[in-house]
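Notes follow the structure.
Spelled out as structure tokens, the structure:
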């Protein structure tokens, strides 16, 4: 296989779809939110993206089988919502610069040309501090000023982030802008944690308000409690201070997201 392919499992007819993208990245913020939404609202899979730019590996299944690493498209159709919701999540992102350009351009092309979509939300973590915030801030960057105006009452902070957005969270929004689609990248304030459920919860609450979903955050709350307990124990063992893992510098403020 060469290049990037999106394989349709079944045809879909969508009503003014919006797309939420939650892929692996800093703090696993986008991935946590996407999986939370997928399970709570029972999104149905309708397509899978494969790419030669993804890692050269397969996933081992519980039944003893295997499948290629890929990212999957799901849909939620609910009469209570103004728009059908397309959800994109999976195990990976492209591992080269060339792959990032090809894969993310294809995602936007597929959403616009094949699904008739017009608005994209990408989700991620913004590495802004060394210590966990009790109430993580939620930052945003948009495709154009008019989009920012739509989120004035959302609690999203604009104009305070600096640096670059690496990976799909940023590139999809950039390609959306080029394709004359509207979009927003929503970022939760996070640290060097591999899994930051607090940042994910902060973003999820804002996202749910924006799109009209009634979310239950109990699963994220459990992860937050376990993380807090683990950090407290680590601090106790280290005599009151949490040292950075070997080889990892203290993050500069602010940093970037994926």
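Numbering (my numbering), first residue to last: 6 to 263.
In this text, a Cβ means the ideal position worked out from N, Cα and C, and glycines have one as well.
Bear in mind that the values here come from a model prediction, so they are computed numbers and not experimental data.
Continuous beta strand (DSSP E) stretch holding residue i: start and end
i           : result
residue 78  : 76–81
residue 219 : No beta strand (DSSP E) holds residue 219; DSSP gives it neither H nor E.
residue 50  : 49–56
residue 187 : 187–195
residue 132 : 124–132
residue 73  : 71–73
residue 10  : 9–13
residue 23  : 23–26
residue 91  : 90–95
Under 8 Å between C-beta atoms of residue i and residue j
i           : j           : result
residue 34  : residue 142 : no
residue 127 : residue 144 : no
residue 19  : residue 89  : yes
residue 9   : residue 111 : yes
residue 55  : residue 6   : yes
residue 62  : residue 172 : no
residue 41  : residue 209 : yes
residue 93  : residue 46  : no
residue 31  : residue 195 : yes
Nearest to residue i (by Cα), restricted to the options the options
i           : options               : result
residue 213 : 64, 227, 191 and 147  : 191
residue 39  : 220, 159, 59 and 231  : 220
residue 155 : 117, 189, 173 and 210 : 189
residue 160 : 6, 195, 150 and 140   : 140
residue 201 : 112, 215 and 132      : 132
residue 123 : 215, 184 and 81       : 184
residue 147 : 168, 118, 130 and 186 : 186
residue 215 : 86, 234 and 181       : 86
residue 211 : 44, 179 and 157       : 157
residue 129 : 199, 113, 180 and 81  : 199
residue 149 : 169, 180 and 121      : 180
residue 48  : 107, 218 and 234      : 218
residue 77  : 178, 108, 229 and 223 : 108
beta-carbon residue i near the ligand HEM non-hydrogen atom, thresh 7 Å
i          : result
residue 93 : Looking at this structure, you won't find the ligand HEM or any other ligand, since it has none at all.
Residue i: first and last residue of the uninterrupted alpha helix (DSSP H) it sits in
i           : result
residue 114 : 102–114
residue 183 : 173–183
residue 42  : 34–46
residue 152 : 150–155
Close-in-space but distant-in-sequence residues of the same chain around residue i (CB under 6 Å, 5 per side omitted)
i           : result
residue 29  : 36
residue 163 : 145 and 153
residue 27  : 35, 36, 38, 39, 94 and 128
Burial state of residue i, where buried means 16 or more other Cβ atoms lie within 10 Å
i           : result
residue 22  : buried
residue 125 : buried
residue 105 : buried
residue 66  : exposed
residue 68  : exposed
residue 100 : exposed
residue 203 : buried
residue 226 : exposed
Residues near residue i by beta carbon distance below 8 Å, same chain, minus five either side
i           : result
residue 13  : 51 and 52
residue 64  : 71, 72, 73, 74 and 96
residue 207 : 140, 141, 142, 143, 193 and 194
residue 174 : 26, 28, 30, 35, 127, 128, 129, 190, 192, 262 and 263
Other residues of its chain near residue i: CB distance less than 7 Å, five sequence neighbours each side excluded
i           : result
residue 115 : 11
residue 15  : 51
residue 17  : 51 and 80
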